[in-house]
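A.B. asks:
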Amino acid sequence: MEFLYNLLIDPFVQMVELPDFFLQVLWEGFVSGVLYALIALGFVLIFKASGVFNFAQGIMVVFAALSLVGLYALGMPAYIALIATIAIMGILAVAVQKTIFHHLVNQPDIILLMATIGLTYFLIGFGEFVFGGDPKVMITEELGLPTGSTAFDVLGGLVILQHIDIAAAVIAIIMVTALAIFFNKTRIGRALRAVADDHQAALSVGISLDQIWIIVWFAAGIVALATGIMWGARSDVSFALEIIAFKALPVLILGGFTSIPGAIVGGLIIGIGEKIGEIYWGPLVGGGIESWLAYVIALIFLLFRPQGLFGEKIIERV
Amino acid sequence: MLYREAGQFKTTYEADQAMFPIAQDRIGVLVILAIALVIPLAASDFVIASIMIPFLIFALATIGLNILTGYAGQLSLGTGAFMGVGAYACYKLTTIFPDVNIVILVLISGLFSAGIGIVFGLPSLRIKGLYLAVTTLAAQFFLEWCFIRIPWLYNYNNSGAIEVPERTGFGGFVLAGPASPPITRYYVVLGIVIVMTLLVKNIIRGRIGRTWMMIRDMDIAAELIGVRPLAAKLSAFAVSSYICGVAGAMLVFFWLGAAEPSAFAITLSFQILFMAILGGLGSLIGCFFGAAFIWVLPVLLRTGLPSIGIEIGAETVEHVSRMIVGALIIFFLIVEPHGLARLWQILKEKLRVWPFPYA
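Chains as they are written, first to last, in this note's numbering: chain Z, 1 to 318; chain S, 1001 to 1359.
#1: Under DSSP, the alpha helix (DSSP H) around Y1175(S) begins and ends at which residues?
#2: Using the C-alpha atoms, what's the distance from V69(Z) back to T1079(S)?
#3: Is P1355(S) close to chain Z? Criterion is C-beta to C-beta, closer than 7 Å.
#4: Is S291(Z) close to chain S, meaning its C-beta is less than 7 Å from at least one C-beta of that chain?
#5: Tell me K136(Z)'s beta-bridge partners as DSSP assigns them.
#6: Any beta carbon of chain Z sitting closer than 7 Å to that of M1052(S)?
#7: Under 7 Å, do S1109(S) and A1247(S) count as touching if we go by C-beta distance?
#8: Output the distance between the C-alpha atoms of T1135(S) and I1148(S), rounded to the nearest integer angstrom.
#9: Give the DSSP bridge partners of Q162(Z), in chain order.
#10: Quick one: using the 10 Å Cβ neighbour count with 16 as the cut-off for buried, is L7(Z) buried or exposed?
#11: Suppose the cutoff is 7 Å on Cβ atoms and the five residues either side in sequence are ignored; what does the same chain contact list for L74(Z) look like?
#12: Tell me which residues of the segment 1330-1342 of chain S have at least one Cβ-Cβ distance to chain Z shorter than 7 Å, keeping chain order.
#13: Ignore the nearest five residues each way along the sequence and tell me which others in V1299(S)'s own chain have a CB closer than 8 Å to its CB.
#14: Would you mind listing the alpha helix (DSSP H) stretches within the segment 1060-1129 of chain S that are 4+ residues and don't spill past its ends, in chain order?
#15: Which class does E1166(S) belong to by DSSP, given the choice of helix, strand or coil?
#16: Helix, strand or coil: how does DSSP classify H194(Z) here?
#17: Taking 7 Å as the CB-CB limit, is L1137(S) close to chain Z?
#18: Is F1142(S) close to chain Z, meaning its C-beta is less than 7 Å from at least one C-beta of that chain?
#19: What is the DSSP secondary structure of G157(Z), counted as helix, strand or coil?
#20: Measure how close the beta-carbons of A1232(S) and W1212(S) come, nearest whole angstrom, since I'm counting them as under 8 Å.
#21: In chain order, what residues of the same chain lie with their CB nearer than 7 Å to the CB of E1336(S), ignoring the 5 residues before and after it?
#22: Closest Cβ-Cβ distance between Y1131(S) and chain Z: below 7 Å?
#23: Hey, out of K98(Z), L66(Z), A95(Z) and I100(Z), whose CA is closest to A84(Z)'s CA?
#24: Just tell me which of N1202(S), I1118(S) and M1275(S) has its CA closest to the CA of F1055(S).
#25: For the segment 305-315 of chain Z and the segment 259-279 of chain Z, state whether three or more C-beta atom pairs, one from each stretch, are separated by less than 8 Å.
#26: Could you check if S235(Z) is buried or exposed, using at least 16 other CB atoms within 10 Å of its CB as the buried criterion?
#27: Please go through the segment 234-298 of chain Z and give each complete beta strand (DSSP E) segment of 3 or more residues, from N-terminal end onward.
#28: Considering only residues of the segment 1176-1247 of chain S, which uninterrupted alpha helix (DSSP H) runs meet the minimum length of 4 residues and lie entirely inside it, listed in chain order?
#29: Which residues, taken in chain order from the segment 115-126 of chain Z, show a beta carbon closer than 8 Å to some beta carbon of chain S?
#30: Am I right that T1069(S) and L1278(S) are in contact with their C-beta atoms under 8 Å? What's the rounded C-beta distance?
#31: Name, in chain order, the residues that DSSP records as bridge partners for A1258(S).
#32: Let me know if W1152(S) comes out buried or exposed under the rule of 16 or more other beta-carbons within 10 Å of its beta-carbon.
#33: Is the distance from the Cβ of A172(Z) to the Cβ of V34(Z) below 7 Å?
#34: Apart from the five residues on each side of it in sequence, which residues of its chain come closer than 7 Å, Cβ to Cβ, to I86(Z)?
#35: Assign K1350(S) to buried or exposed, taking buried as 16 or more other Cβ atoms, counted over all protein chains shown, within 10 Å of its Cβ.
#36: In chain order, what residues of the segment 145-165 of chain Z put their CB closer than 7 Å to some CB of chain S?
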């Protein structure tokens, strides 16, 4: 009986009693949700255009952040280093397309997935080889990102907002808007959607698959860089960041693999749900449930909508 | 023309449906078995303990995953956790029944894993494809959390790890524990792997295996001609988890000797998945190829690179071997997306007509 009380009533009582704390938790969840959404966005971009489930997105985040920090350490000014890193992500996009996916057009999903896992291995080895394995500090201030925090008086308590978190949210919104405009209004964006719809039809009207895929990989690289900067500013830049790729998976599955709004909504649901679950229900079972709660949330949603929240309806024919 | 099967006529159905209908295949299998049996006489303890034993165990785990992913078409990222269930079940069983032969307990512990596998397999009836990955990932992270948070599972040890106690059997042989010689453990592992492989080979050739493949190829069509998806999918989850569980129990009891929950982390799941895909989905011999490639190659690189004169630090060797493994995975996928098993098949076709390109 007491367990049921703790499970069903007590958490809500706590929420009402300490509304400022609840808001703080919501905000924290929102921020991690934004970051999950950013990683998921990188996945969606590539999956939409090529059907490749890019497992390497997580390591691309690390790789971009490490390049940025590494180039800065070499003595480049922060903004030049940023531009150089974008160039590196461009080179990576071309290299990946020309050496790997050009040869794997029209292969089954799982083979493409496997190739990106091979790429992950390679990038981990390469990154450690070039930059070394120890964690580095992100050059937050040098890039002109705010670092302080502001406290607000809300509902008789304090809610503390880190400026970098606000910046992350703003940058995420800008990137999503830019990508949405790029997809819907430009010539390349239309070609991209054509490729996503049907590879062969797109080829037959003269769209170059190679070119389009390089563009999406490059866009995913830039998203990875933004994610790397934001995530690196909250913790260190190290290969441990790679595990955030696993966090993106439930986000993607929840939102549907092909939907950009899905990635964002999914990210927010997972981010907020995970934080609230951990803080209000976690102590019941000994804490640490953050590691699997995201998957269970996604699983529950999936049982009702097997194609994800925003995925295209699955029509099966024999 | 190195070998050909011309002239081998089958006169009975039994002969035609035999596991290895071609005489050369039978000889080949016997030769491999003979080599596997005499390897300990020639190889050092290092080779047996850190190459052969893990190779066999990983091959068995890969077979387990291959049943689910390769034959029944259900993607799984939770292999590591299912192996962990087997290991922890075996640990608890041997604590409760210390006098029972450890090999029997290893085989029983797979049943627990199978039960957990069925539970996490239930959503597969509704969720398909890549989306199913979330179910097995939930299993992976949830079970890993259980291994850490439920102290009963590791007998309330302070270290939080399970340590293998000494176990003897088969007339005084030390089968598990720190005092157990690698050769004994090798033969035990070899025996279990051979039995399991034969078992799986026959399940796959039979009715159950065929229903799995029908579900994989097109589940709606299979359902229309009378395959029950519930029975087929759940039996695939059960058999696959059983074998993974046995492999996990062997991993701890016959190889590592002690294991923390992190030994069954998602990296293990991915390692097994690499082996399955690179070896060839839907192929048993591919499991052994994949395990050899993913497990033995990095070991060889680590020990081999310094010995051929490339003198670099231990860390750099680690990094370079990762790069090489990654590049080789991509290379093999481009050359033959259906895995090493398909390459082996092509090679056999070529040898059959050699030295002519066509015949």
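The C-beta atom is built at its ideal place from N, Cα and C for all residues, glycine as well. A quick note: this is a predicted structure, and the numbers were derived from the prediction, not measured.
C.D. replies: In short:
#1: Residue 1175(S) is actually Leu in this sequence, not Tyr. For L1175(S), there is no enclosing alpha helix (DSSP H); the enclosing beta strand (DSSP E) covers residues F1173 to A1176.
#2: Going from the Cα of T1079(S) to the Cα of V69(Z) covers about 36 Å.
#3: False, the Cβ-Cβ gap to chain Z never drops below 7 Å.
#4: With a threshold of 7 Å between beta carbons, S291(Z) makes contact with chain S.
#5: For K136(Z), which the question treats as bridged, DSSP gives the partners V237(Z).
#6: So, not an interface residue.
#7: Taking 7 Å as the cut-off, the beta carbon of S1109(S) is found no closer than this to the beta carbon of A1247(S).
#8: Whole-angstrom Cα-Cα distance: 20 Å.
#9: S149(Z), per the DSSP bridge assignment.
#10: Per the 10 Å Cβ criterion, exposed.
#11: Nothing meets the Cβ criterion.
#12: The residues in question are I1330, L1333, I1334 and P1337.
#13: If we look at V1299(S) and ignore the five residues flanking it on each side, its Cβ neighbours are S1050 and I1051.
#14: Within the segment 1060-1129 of chain S, the complete alpha helix (DSSP H) runs of at least 4 residues are 1079-1096 and 1102-1121.
#15: Here E1166(S) carries a coil assignment [DSSP, helix/strand/coil].
#16: For the sequence presented, residue 194(Z) should be read as Ala rather than His. Looking at A194(Z) - three-state DSSP - the assignment turns out to be helix.
#17: Cβ-Cβ to chain Z under 7 Å: yes for L1137(S).
#18: Closer than 7 Å: yes.
#19: Reduced to three states, the DSSP call for G157(Z) is strand.
#20: Approximately 6 Å separates the beta-carbon atoms of A1232(S) and W1212(S); this is inside 8 Å, confirming the contact.
#21: Within the same chain, E1336(S) has close Cβ partners R1342 and L1343.
#22: It does; some Cβ of chain Z falls within 7 Å.
#23: That would be L66(Z), whose Cα lies nearest to the Cα of A84(Z).
#24: The shortest Cα separation from F1055(S) among N1202(S), I1118(S) and M1275(S) belongs to M1275(S).
#25: Three or more beta-carbon pairs drawn from the segment 305-315 of chain Z and the segment 259-279 of chain Z are found closer than 8 Å, and the two stretches are therefore classed as touching.
#26: It is exposed - the Cβ of S235(Z) has fewer than 16 other Cβ atoms within 10 Å.
#27: List check, beta strand (DSSP E) in window: nothing returned.
#28: The qualifying runs are 1182-1205, 1207-1217 and 1219-1224.
#29: Result list: A115, I117, G118, L119, T120, Y121, F122, L123, I124, G125 and F126.
#30: Not a contact, Cβ separation roughly 13 Å.
#31: The partner list for A1258(S) (beta bridge, DSSP) reads E1163(S).
#32: It is exposed - the Cβ of W1152(S) has fewer than 16 other Cβ atoms within 10 Å.
#33: Yes. Within cutoff.
#34: Correct list, in chain order: I222 and L225.
#35: So K1350(S) ends up on the exposed side.
#36: Residues: none.
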